[in-house]
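Structure first, commentary second.
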Amino acid sequence: MDDARALITIMHSRGVRPDMSTNSIMVTAYCKIGEIESALHLFGEMAKDGIEPSIAVYDSIIVCLCRMRRLKEAEATLRQMIREGLAPDEIIYTSLINGYSLTRQTRNVCRIFDEMLKRGLQPGPHAYGSLINGLVKGNKIRKALGYLERMLEEGIAPQTVIYTMLINQFFRKGDVRLGLDLVVLMMKTNVAPDLITYGALVAGICRNIARRGMRPSLDKKLKEARYMLFRMLPQIIDTRNGKQKDNQICTEEMIQVAQGIIQDLEENGMVPDLHIYNGMINGLCRANKMDDAYSLLSVMDQTGILPNHVTYTILMNNQIRLGDINHAIQLFNSLNSDGCVFDKITYNTFIKGLSLAGRMKEALSFLLMMHKRGFVPSKASYDKLMELLLAENAIDIVLQLFEDMLFQGYTPRYANYTSLLLVLAKDGRWSEADRIFTMMLKKRKYLDKKTKKCLEELCYKQGELDLAFEMEGSVPLYAVG
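Using UniProt numbering, you'd call the opening residue of the sequence shown number 1 and step up by one each time.
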């Protein structure tokens, strides 16, 4: 680019103005390397010189602006293009659809797509993919399936990524059966799953094992999406009674399906990656098949795939859940000494588990380690630990945690807040009680009638009239949130 700039400078010094072709090449080059300001400057110079930018120039600028999430400028450039009498092409509309999709602006995604159709442009797989991605992110599943159906009707083969997005969404909603039905639709439309799809299937199925024995509670929109998918795929309807198959799948069946998916991808010449193994280990742990989960670690070792901190966190989390905290701590210490670097999820897992088990000193030890590594505990970790400390009457530490929570932007659980206030009041620590009460008032957290009455009685009994009057004047009477 430096040589090109130098050449343009020489042209200007000799009174030679770059023509349309030269400017177009320069704008495209600037956009490719992300120098959008240089491209926009040159774009403005073209207008001053009376050179009308071509569609290719507009393409380059709008695509670059969309890639940089400068969507207002991108659409303003589109409007300028239309005013100049130029017809935007599919590239421009697809870029805008993708940009709005990535920023979760669902209305704008649909608006630009509809404008594209009105201008007589035929959306391609990428435009449809960006549109459906935006709708899925905006939880517009029924509408997303509607566009998938439209693609199929128009003979446009959906990309694998479209199915993967939809499968992911149904699994997140807890509808495993519907996610698997989408795989059937993929096969029907001759779209082959890739490694990402297989990973989404294994992780999604195994993640839902925690919901075993429970029927997913589908909202109205998801039910409508179900019916749309049934219309696209009639073979998943039970023709004997005209009813849809039950979407509930037992734990054992989920494990078998996930294992079958791994076998299928291997038969298709692919190798399971770390993400897929982690998903499978998670499923086995959730199904309380810890021996099988550890056996899978051996399989990973044989195939040359090294477990990471996520793998071990899954294992330790489930050992804690099953009450085997000592084993989890031993594994953590062993891995920690071997140089394994854990993230905040691991530490939060231990703090919550140890707090629930009543192991205060160890929970505080993990909290200290977490702080030393620069991690901020989750609100749930703070709340669980504070609950334990209150039960152990470790009030000074509770006060530190309480103020730390507020500093981190968290609002302590209401039950912990009122318990702390009552303990401080009973111990006659009124200045601290007043400080806590004032901090929570600023958070718009008010006392319930029973707690308020109890505290007021303690105030009057111990001669703390100012605080009693302050409590009486706090409104409303009942706790918020």
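Beta carbons are placed, not taken as given, at the ideal position from N, Cα and C, and that holds for glycine.
In three-state terms, what does DSSP make of residue i?
i: Gly409; result: coil
i: Arg359; result: coil
i: Ala157; result: coil
i: residue 518; result: A question about residue 518 goes unanswered here, because the residues of the chain that appear run from 1 up to 481.
i: Thr94; result: helix
i: Leu354; result: helix
i: Gly174; result: coil
i: Arg83; result: helix
i: Tyr446; result: coil
i: Ala47; result: helix
i: Gly374; result: coil
i: Thr103; result: coil
i: Met68; result: coil
i: Leu121; result: coil
i: Gly199; result: helix
i: Gly401; result: This sequence places Leu at residue 401; Gly is not what is there. If DSSP states are grouped into helix, strand and coil, Leu401 belongs with the helices.
i: Leu364; result: helix
i: Ala415; result: helix
i: Met165; result: helix
i: Gly34; result: coil
i: Met270; result: coil
i: Ile305; result: coil
i: Ala74; result: helix
i: Asp89; result: coil
i: Met214; result: Since pLDDT at Met214 reaches only 45, below the 50 mark, its modelled position is unreliable, and no value is offered.
i: Asp396; result: helix
i: Asp434; result: helix
i: Asp181; result: helix
Counting along the chain, where does the alpha helix (DSSP H) carrying residue i start and finish?
i: Phe342; result: Taken as a continuous stretch (DSSP letters only), Phe342 belongs to no alpha helix (DSSP H), as it is neither H nor E.
i: Thr189; result: That residue, Thr189, is in no alpha helix (DSSP H); it is neither H nor E in DSSP.
i: Asp301; result: Met290 to Gln302
i: Ser54; result: Per DSSP, Ser54 belongs to no alpha helix (DSSP H) and is neither H nor E.
i: Asp264; result: Thr251 to Glu267
i: Arg107; result: Thr106 to Lys118
i: Asp383; result: Lys379 to Ala391
i: Met316; result: His309 to Arg321
i: Asn282; result: Leu274 to Arg286
Excluding the 5 residues preceding and the 5 following residue i in the sequence, name in chain order all residues of the same chain whose CB lies nearer than 7 Å to its CB.
i: Val161; result: Gly129
i: Lys461; result: none
i: Tyr410; result: Lys379 and Tyr382
i: His327; result: Gln319
i: Ile55; result: Leu86 and Asp89
i: Glu75; result: Leu96
i: Met300; result: Tyr277 and Pro307
i: Leu297; result: Pro307
Considering only residues of the same chain and omitting the five flanking positions on each side of residue i, which have a CB-CB separation below 6 Å?
i: Val376; result: Gln408
i: Gly213; result: Only weak support is given to the placement of Gly213: the predicted model assigns it a pLDDT of 46, under 50, and the value that follows is read from those uncertain coordinates. Cβ neighbours of Gly213 beyond the five flanking positions: none.
i: Ala200; result: Thr164, Ile167 and Asn168
i: Ala433; result: Leu421, Leu424 and Ala425
i: Ile209; result: Thr251, Met254, Gly283, Arg286 and Ala287
i: Phe170; result: Leu178 and Gly179
i: His12; result: Confidence in His12 is poor, its pLDDT being 48 and thus under 50, which makes the residue's placement too unreliable to answer from.
i: Val202; result: Ala258, Ile261, Ile276, Gly279 and Met280
Please decide whether residue i counts as near chain C, where near means a Cβ-Cβ distance under 8 Å.
i: Tyr446; result: Protein chains in the displayed structure number just one, and chain C is not present.
Going by the C-beta, is residue i closer than 7 Å to any heavy atom of the ligand PLP?
i: Leu121; result: This structure simply doesn't include the ligand PLP, nor any ligand for that matter.
Keeping to the same chain, check which residues put their C-beta closer than 8 Å to that of residue i; ignore five residues upstream and five downstream.
i: Ile305; result: Pro272, Asp273, Leu274 and Tyr277
i: Leu71; result: Leu65, Leu96, Gly99, Tyr100, Thr103, Gln105 and Asn108
i: Glu73; result: Leu65
i: Thr239; result: Note on Thr239: pLDDT 36, under 50, position unreliable in the model; the coordinate value appears next. Cβ neighbours of Thr239 beyond the five flanking positions: none.
i: Ile36; result: Tyr30, Ile61, Cys64, Leu65, Met68 and Arg70
i: Gly353; result: Asn317, Ile320, Arg321, Ile325 and Ala328
i: Leu42; result: Asn23, Met26, Val27 and Tyr30
i: Gly242; result: Residue placement at Gly242 is flagged as unreliable, the pLDDT there being 40, under the threshold of 50; a coordinate-derived value is accordingly withheld.
i: Tyr294; result: Leu315
*Return the chain-ordered ranges of every alpha helix (DSSP H) run that is complete within the UniProt repeat "PPR" (124 to 158) and spans a minimum of 4 residues.*
125 to 137 and 141 to 153
- prompt: Would the segment 307 to 314 and the segment 340 to 347 be scored as touching if the rule is three or more Cβ pairs under 8 Å?
  reply: yes
| Between the segment 388 to 402 and the segment 357 to 373, are three or more C-beta pairs nearer than 8 Å? | yes
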